[in-house]
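Participant:
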Amino acid sequence: MNAFFIKEADFTQFLGNMIGARKVIGPKARKNRFVFDQIRKPEDLRLDYDVTILPPKKVFFPPRQELIRFHGQKGSSCIQPESTVLFGVHFYDIKAIDMTDHLFRENNMDFNYLAQRECTTLIGSNVQNIFKRAFFGSVGKGVAPKGHDGFTTKISGGYLYEVYTAKGKDLLAYGTFIEATEEQINEAREVNDSVMDKCPEKINHDSLEISEKVRSKFNSPVWEEFAHDCFSCGSCNLVCPTCYCFDVQDNWNVDQVTGSRDRTWDGCLLEDFSSCSLTGGSKENFRETRGSRYRHRIMRKTSYLTAKLGGPACVGCGRCSSSCTADIADPVNVINRLMEE
Ligand code: SF4
Ligand code: SF4
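The sequence shown begins at 3 in the working numbering and counts up one residue at a time.
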């Protein structure tokens, strides 16, 4: 690892140079919340954000993506990757991106995702303010963030910038960096370690224990109880950085010759997600009840993907909890309850 220091007074110039040379996406204020969006002026970048409404995976996996345009039997790809710096990603979202990288790379590689992912320089930043529903300090503790190119931490007098890859190193050209001292490296480590105990919510057990216990609770009445007020709106899926389900549809223009093949985010809490067409025009929904859909989401987060990902498919960002109108989506409540049974 190479660690560099840049003074607070030089940081704005660094951002300005980078924005002038590259497309930069980072956290920005939108009303009283934050979003990942293109940064056009250094002052727009808000590294003091708590959490963004949607996770940064949208840069590689947009909520709606035109895949191909077709004309009769002929089609051409719409995927046009663009060199981008994704700057200021919190460590829990880096962990989530590493999971989607793995899932979109396995078996049939998803080039619609990977094209933009590979064109992106991913730079993390430390959590300066903790979201009111976050629990990242107690979930997947053994899983380290990886797959990023660099990481910035706010320390006394400026920022420590850790470089992990050649893409991360390239950004040094935009600013006045000097080699960091041992004290600055240690200070950054303390800054990053100290947020882990400050999350307002906490899961009380370790991930492996949870994985086994939750799986054994498949027939528990808890699922229907928690899902009683569920609107099946799917918001908990759509804001989640580790959810990766999508739907693909061909949309025809009125000429009935041309059109586009589009993919959109999908979610297992939506009623139609598990509907299958059967012969004779009928259909079957194999997760018909709200409880069965709710259970499926928690099973995916805690158990079903654990072996494949090496840890839970939840990074404790707290987005699902805060986006649920009925306030029933928080994994902390249901997991702690199941563990105590
Ligand atoms: S399940 Fe909720 S807390 Fe966990 S990663 Fe998804 S949105 Fe974040
Ligand atoms: S956000 Fe809440 S109400 Fe909406 S589907 Fe998820 S659990 Fe149900």
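The C-beta atom is built at its ideal place from N, Cα and C for all residues, glycine as well. Please read these numbers as outputs of a predicted model, since none were measured by experiment.
Say whether the segment 277-291 touches the segment 240-250, bearing in mind that this needs 3 or more beta-carbon pairs closer than 8 angstroms, one atom from each stretch.
Facilitator: The answer is no - the segment 240-250 does not touch the segment 277-291, with fewer than three Cβ pairs under 8 angstroms.
Participant: Using CA coordinates, which residue listed in V256, L47 and S79 is at the minimum distance from F16?
Facilitator: When each option's Cα is compared against that of F16, the closest is L47.
Participant: Could you tell me whether the Cβ atoms of I125 and G90 are closer together than 8 angstroms?
Facilitator: Yes.
Participant: Who are A5's beta bridge partners in DSSP?
Facilitator: Answer is E164, bridged to A5.
Participant: With distance defined between alpha-carbon atoms, name the residue in W254, F288 and G139 nearest to G74.
Facilitator: Nearest of W254, F288 and G139 to G74, Cα basis: W254.
Participant: Report yes if the C-beta distance between V241 and V336 is below 8 angstroms; otherwise report no.
Facilitator: No, the pair does not count as a contact, with Cβ atoms beyond the cut-off.
Participant: Buried or exposed: which applies to S140, given that a residue is buried once 16 or more other Cβ atoms fall within 10 Å of its Cβ?
Facilitator: Flag for S140 reads buried.
Participant: Just reading off the alpha helix (DSSP H) that V216 is part of, what are its end residues?
Facilitator: Its alpha helix (DSSP H) spans residues S209 to S218.
Participant: Could you have a look at L124 and say whether DSSP puts it in helix, strand or coil?
Facilitator: Looking at L124 - three-state DSSP - the assignment turns out to be strand.
Participant: In chain order, what residues of the same chain have a beta carbon less than 6 angstroms from the beta carbon of E184, not counting five sequence neighbours either side?
Facilitator: Nothing listed; no residue qualifies.
Participant: Got a sec: does ligand 2 put a non-hydrogen atom nearer than 7 angstroms to the Cβ of K98?
Facilitator: For clarity, residue 98 is Ala in the given sequence; the question names Lys instead. No, ligand 2 has no heavy atom inside 7 angstroms of this Cβ.
Participant: Given V334, which residues of its chain have a CB within under 6 angstroms of its CB, disregarding the five upstream and five downstream residues?
Facilitator: Closer than 6 angstroms at the Cβ level, and outside the excluded window around V334, lie F137, E203 and I205.
Participant: Say yes only if the C-beta of T291 is nearer than 7 angstroms to one or more non-hydrogen atoms of ligand 2, and no if none qualify.
Facilitator: Incorrect: T291 has no Cβ contact closer than 7 angstroms to ligand 2.
Participant: Is C429 a contact residue of ligand 1, with contact defined as CB to any heavy atom under 7 angstroms?
Facilitator: Residue 429 lies beyond the stretch modelled for the chain, which goes from 3 to 343, so this question has no answer here.
Participant: For T54, does the count of other Cβ atoms within 10 angstroms reach 16, so buried, or fall short, so exposed?
Facilitator: Classification of T54: buried, given that the 10 Å Cβ count is 16 or more.
Participant: If you draw a straight line from the alpha carbon of H104 to that of T308, how long is it in whole angstroms?
Facilitator: Using only the alpha carbons, I get a separation of about 13 angstroms.
Participant: Would DSSP call G293 helix, strand or coil?
Facilitator: Three-state DSSP puts G293 in a helix.
Participant: Quick check for students: name the residue ranges of the beta strand (DSSP E) that lie wholly in the segment 140-186, counting only runs of 3 or more.
Facilitator: Runs found: 152-157 and 160-165.
Participant: Mind pulling the beta strand (DSSP E) runs of 3 or more residues that sit fully within the segment 7-38?
Facilitator: Taking only runs of at least 3 residues, the beta strand (DSSP E) segments lying wholly in the segment 7-38 are 25-32.
Participant: Tell me where the beta strand (DSSP E) around S79 begins and ends.
Facilitator: Residues K76 to S79.
Participant: Quick check for students: name the residue ranges of the alpha helix (DSSP H) that lie wholly in the segment 264-321, counting only runs of 4 or more.
Facilitator: With a minimum length of 4 residues, the continuous alpha helix (DSSP H) runs that stay inside the segment 264-321 are 292-301 and 308-311.
Participant: Can you round the beta-carbon distance between F13 and F179 to whole angstroms, since I take them to be within the 8 angstroms contact cut?
Facilitator: About 10 angstroms; that fails the 8 angstroms criterion.
Participant: Can you give me the start and stop residues for the beta strand (DSSP E) that D231 sits inside?
Facilitator: No beta strand (DSSP E) contains D231, which DSSP labels as neither H nor E.
Participant: On the CB-based measure, 16 or more other CB atoms within 10 Å of its CB, does H150 come out buried or exposed?
Facilitator: With 16 or more Cβ atoms within 10 Å of its Cβ, H150 is classed as buried.
Participant: Return the residue from the list D50, T122 and F233 that minimises the CA-CA distance to T167.
Facilitator: Residue T122 is the option with its Cα nearest to T167.
Participant: If you draw a straight line from the C-alpha of C232 to the C-alpha of G22, how long is it?
Facilitator: Between C232 and G22, the C-alpha separation is close to 46 angstroms.
Participant: What is the DSSP secondary structure of V336, counted as helix, strand or coil?
Facilitator: In this structure, V336 counts as helix in the three-state DSSP scheme.
Participant: Could you tell me the alpha carbon to alpha carbon distance between R297 and Y163, rounded to whole angstroms?
Facilitator: Cα to Cα, the separation comes out at about 41 angstroms.
Participant: Excluding the five sequence neighbours on either side, which residues of its own chain have a C-beta within less than 6 angstroms of the C-beta of D100, listed in chain order?
Facilitator: Cβ within range, chain order: K148 and G149.
Participant: What does DSSP give as the partner residues of S262 in its beta bridges?
Facilitator: Answer is R71 and N253.
Participant: Straight-line CA distance for P44 to T155?
Facilitator: If I take the Cα positions, the gap works out to 17 angstroms.
Participant: What does the alpha-carbon distance come out to for the pair R217 and V317?
Facilitator: Roughly 19 angstroms separates the two Cα atoms.
Participant: Compute the Euclidean distance between the alpha carbons of N188 and L210, then round it to the nearest angstrom.
Facilitator: If I take the Cα positions, the gap works out to 31 angstroms.
Participant: May I have the straight-line CA-CA distance separating C322 from A331, to the nearest angstrom?
Facilitator: For C322 and A331, the distance between alpha carbons rounds to 6 angstroms.
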